[in-house]
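Numbering (UniProt numbering), first residue to last: 1 to 211.
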C-alpha cells in the first residue's frame, strides 16, 4: 500500500498552502516551436514557481520537473481622452518542463462554430469607435453622412434608383384618391427628365475630360 502511494506522489515536495475559491486566471500559450515536453503559461504577477507546479499537479495530474519565469513590461499607450500616458500592468509568463509530452491539436480551418465572423465584426466596431473618439478629441466631429454607406442604405438607394428608372412600380396595396391620377404621371416625367439630364451632364464631362 505504501509503495502504491509513493508511486502516485510526484518527485517534488508538495506545498501546504490551501486556497479556497481562487480567482486566478492561468492561460496556456500556444508556441509551435517549443519541444513537446515544454509548456508556457501566462500567470498572475503574484504567482510563484511553486504555485504553478502544485497547481498543475493537483488539478491536472501533470508532473513538472523545472519552471522558468519572466516578466514582460507593457508599452505605454494613451489611456484616455486627456492624453495621459499610463503604463498598464506587466505580464508574467512561466515555462515548465513536464515528464510527459504534450502535442497541440491541429488548428481548425473552419472557425464558424466559434462565431469567427461575429468576433471580426466586433473588433471592427471597436476600432471604429476608437477612431471616432480620437477624431472628437482633435475637435473633428464626423458626420454620419460622410461615412461609408451601410448595407441597408445601399439597398434603399438601389430600390429608389429602380423606381426612378421605371424598372419597378411603386405599390403598397392602398387605393389612392382619384386626384392623384393626374399628379403621379407628372412627377414621374419630372423624375425621368431629371435623371436623363444628369446622365447627359456626365457624358459631356467625360467627353471634355477625354479631349
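Glycine is no exception: its CB is placed at the ideal position from the N, C-alpha and C atoms.
Please classify residue i: is it buried, with 16 or more other beta-carbons within 10 angstroms of its beta-carbon, or exposed?
| i | result |
| --- | --- |
| residue 122 | exposed |
| residue 20 | exposed |
| residue 126 | exposed |
| residue 6 | Here the model assigns residue 6 a pLDDT of 47, short of 50, so the residue's position is not dependable and the matter cannot be decided. |
| residue 51 | buried |
| residue 73 | exposed |
| residue 1 | Interpretation of residue 1 is limited by its pLDDT of 45, a score under 50 that renders its predicted location unreliable; the figure taken from the coordinates is listed afterwards. So residue 1 ends up on the exposed side. |
Could you give the distance in angstroms between the alpha-carbon of residue i and the alpha-carbon of residue j?
| i | j | result |
| --- | --- | --- |
| residue 87 | residue 75 | 6 Å |
| residue 104 | residue 151 | 40 Å |
| residue 196 | residue 162 | 14 Å |
| residue 8 | residue 100 | 15 Å |
| residue 135 | residue 143 | 11 Å |
Would you mind stating whether residue i and residue j have Cβ atoms separated by less than 8 Å?
| i | j | result |
| --- | --- | --- |
| residue 28 | residue 41 | yes |
| residue 63 | residue 98 | yes |
| residue 159 | residue 191 | no |
| residue 96 | residue 67 | yes |
| residue 45 | residue 120 | no |
| residue 60 | residue 26 | no |
| residue 248 | residue 10 | Nothing about residue 248 can be reported from this structure: the residues present for the chain run from 1 to 211 only. |
Per DSSP, what kind of secondary structure is residue i in: helix, strand or coil?
| i | result |
| --- | --- |
| residue 68 | strand |
| residue 102 | coil |
| residue 92 | strand |
| residue 152 | helix |
| residue 183 | helix |
| residue 27 | strand |
Of the choices the options, whose alpha-carbon is the least far from that of residue i?
| i | options | result |
| --- | --- | --- |
| residue 48 | 39, 71, 141 and 37 | 71 |
| residue 185 | 201, 200 and 166 | 166 |
| residue 31 | 25, 24 and 39 | 39 |
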